[in-house]
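These notes are about the structure you will find just below.
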Amino acid sequence: MKPMFVAVPFIILGLIVTGECRADTEHAGVVKTVEGAAMIVRSGSPTAATVNAKVNMGDHVQTGSDGKIGMIFQDDTVVSMGPNSKIVIEDYLFEPAEKKLSFVTRMFKGTVSFLSGQITKLAPEGARVETPSATIGMRGTHVLVQVD
Amino acid sequence: MPNMNSKSHVHREGVTIWKALGLMPVLVFLIVVLGCGKRTMVVLLPDPDGTTGQVIVSNPVGSVTMNSPNQATSTASARTAPKSPVVMEEEAIQSIFSGALEIQPKPPLHFLLYFREETTLTSASSGLIPEILQAIQERDSTDISVVGHTDTTGNKEYNMDLSRRRAAAVQSLLLENGVQPDHVKTTSHGEENPLVKTGDNVSEPKNRRVEVVVR
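Chain order of the listed sequences is A and B.
Each position in the first sequence, counted from 1, maps to that position plus 536 in the working numbering.
Each position in the second sequence, counted from 1, maps to that position plus 27 in the working numbering.
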């Protein structure tokens, strides 16, 4: 019994040190550029978007009438938004070793630029944008979308 | 009698007006919910390397595929098919999308470091470390990923571990040179994400690599 009690903390420490413990909420992307009014809304709480702020799956990203924002995601997808725009990162999975590849963005309004990354290279059907009137399937491209 | 008529006439008009007003919120709600008034326009641009990919725009009513630069398609609503693509003028594209395009960040910088065997970098690849450090400095990057890979020789479990050790070796080099630990994320892809597709158990030096991405 005693050796077990001693071993457990070392096992946990070992896992932490080797980084095998994966956090459940790994960020999907990072804000790289921002101008004017731009917000990230997470679980209903808005915060002003700043350079290097993390973007998680489930986050809404929104710009005001003078706002613009640019983000880079883990798979290299580059998403940038002009003024009066709003999107939500509905699904983001980038784990190629486990063949888990998915990037679904829902766009509500405004102008957004999407430059595909590795998800579409590894899974052509893996990235799409949903708008109120259409589904946009990106097959390794640079695509501009306007919803009004 | 005339008074009564005019009264009921006004009363009827009044009810109609109130009825119409009452329906407005319902209509607005329906429009918002059904997205009837939300037009979508999609424009396909060439990639930074000059090639053009493909985009498919679809809804329950129709579908359009575009694969030429500056092609654009509009979809008026969820109940209208996407229109046949037309080529859009540069100026028209800029006038609508200048905000989103101006704020577009530079795509991430990728570096490929190769290994002789196990976790020993080739000398050419060791020479890339200063370049990587400079890229991190210049971009003030706080999001750097180090991804380890192997070729298909050996079994999957061994390669998962080898790719992890390769990524760890490169991570150590970066941290030794002052990069903050919480700015670097290491991942191992084992033999699952080859640069050069090969069969199983094929020695391919180009797949024995670590990819460093500086965002």
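The beta-carbon is built from N, C-alpha and C at its ideal position, and this holds for glycine as well.
Three-state secondary structure (DSSP) of residue i
i: Ser168/B; result: coil
i: Pro668/A; result: coil
i: Asn234/B; result: helix
i: Lys657/A; result: helix
i: Val88/B; result: coil
i: Leu222/B; result: coil
i: Arg675/A; result: strand
i: Ala99/B; result: strand
i: Lys636/A; result: strand
i: Leu651/A; result: strand
i: Ala584/A; result: strand
i: Cys557/A; result: Because Cys557/A carries a pLDDT of 37, less than 50, the predicted location of this residue cannot be relied on, and the following value inherits that uncertainty. DSSP places Cys557/A in coil when its eight states are reduced to three.
i: Tyr183/B; result: The residue you asked about is not Tyr; residue 183/B is Lys in the sequence shown. Note: Lys183/B maps to helix in three-state DSSP.
i: Ala573/A; result: coil
i: Gln81/B; result: strand
i: Arg191/B; result: helix
i: Ala663/A; result: strand
i: Ser524/A; result: One cannot answer for residue 524/A here, as it falls past the ends of chain A, which runs 537 to 684.
i: Leu155/B; result: coil
i: Gln131/B; result: coil
i: Gln207/B; result: coil
Closer than 9 Å to chain A by CB, residue i
i: Ile163/B; result: no
i: Phe124/B; result: yes
i: Arg66/B; result: yes
i: Ser311/B; result: Any property of residue 311/B remains undetermined from this structure, which presents chain B solely from 28 to 242.
i: Lys133/B; result: yes
i: Gly62/B; result: The pLDDT assigned to Gly62/B is 48, lower than 50, so where the model puts this residue is not dependable; a value taken from the coordinates is nonetheless given after this. Chain A contact via Cβ: present.
i: Ile130/B; result: yes
i: Arg206/B; result: Note that residue 206/B is Val in the sequence shown here, rather than Arg. Chain A contact via Cβ: absent.
i: Pro24/B; result: The structure shown has nothing for residue 24/B, since chain B only spans 28 to 242.
i: Pro29/B; result: At Pro29/B the pLDDT is 49, less than 50, meaning the model places this residue with poor confidence and gives no usable figure here.
i: Thr169/B; result: yes
i: Glu219/B; result: yes
i: Ser230/B; result: no
i: Ser85/B; result: yes
9 Å Cβ cutoff, residue i in contact with chain B
i: Glu571/A; result: yes
i: Arg675/A; result: yes
i: Asp560/A; result: At Asp560/A, the pLDDT of 40 sits below 50, so the modelled position is not reliable; the number obtained from the coordinates is stated separately. Not an interface residue.
i: Ser669/A; result: yes
i: Ile672/A; result: yes
i: Ala512/A; result: Because chain A here runs from 537 to 684, residue 512/A falls outside it and cannot be looked at.
i: Lys636/A; result: no
i: Val614/A; result: yes
i: Gln610/A; result: yes
i: Leu658/A; result: yes
i: His678/A; result: yes
i: Met607/A; result: yes
i: Ser652/A; result: yes
i: Val640/A; result: no
i: Gly662/A; result: no
i: Met593/A; result: no
9 Å Cβ cutoff met for residue i and residue j
i: Val82/B; j: Met68/B; result: no
i: Ser669/A; j: Ser104/B; result: yes
i: Val591/A; j: Ala574/A; result: no
i: Met644/A; j: Thr667/A; result: First, the amino acid is wrong: residue 644/A is Phe here, not Met. Yes, the Cβ-Cβ distance between Phe644/A and Thr667/A is below 9 Å.
i: Thr146/B; j: His210/B; result: no
i: Val84/B; j: Thr100/B; result: yes
i: Lys635/A; j: Glu218/B; result: no
i: Val567/A; j: Leu72/B; result: no
i: Asp627/A; j: Met593/A; result: yes
i: Ser649/A; j: Val681/A; result: yes
i: Met617/A; j: Gly646/A; result: yes
i: Gln98/B; j: Pro109/B; result: no
Residues that DSSP places opposite residue i in a beta bridge
i: Thr214/B; result: Val174/B
i: Glu626/A; result: Beta-bridge pairing links Glu626/A to no other residue.
i: Val197/B; result: Beta-bridge pairing links Val197/B to no other residue.
i: Glu631/A; result: Lys636/A
i: Arg642/A; result: Val624/A and Glu666/A
i: His137/B; result: Val240/B
i: Arg514/A; result: Outside the shown range of chain A (537 to 684) lies residue 514/A, about which nothing can therefore be said.
i: Gly565/A; result: Val591/A and Phe609/A
i: Phe142/B; result: Leu148/B
i: Lys604/A; result: Glu571/A
i: Met93/B; result: Val82/B
i: Val113/B; result: Ala99/B
i: Thr67/B; result: Val683/A and Thr102/B
Assumed close pair residue i, residue j - CB separation to whole angstroms, cut-off 8 Å
i: Ile171/B; j: Val240/B; result: 7 Å
i: Arg235/B; j: Thr179/B; result: Wrong, their Cβ atoms sit about 10 Å apart, outside the cutoff.
i: Ile608/A; j: Thr599/A; result: Incorrect: roughly 17 Å between the Cβ atoms, too far for contact.
i: Leu629/A; j: Ser638/A; result: 4 Å
i: Ile156/B; j: Leu200/B; result: 6 Å
i: Gly676/A; j: Gly80/B; result: 4 Å
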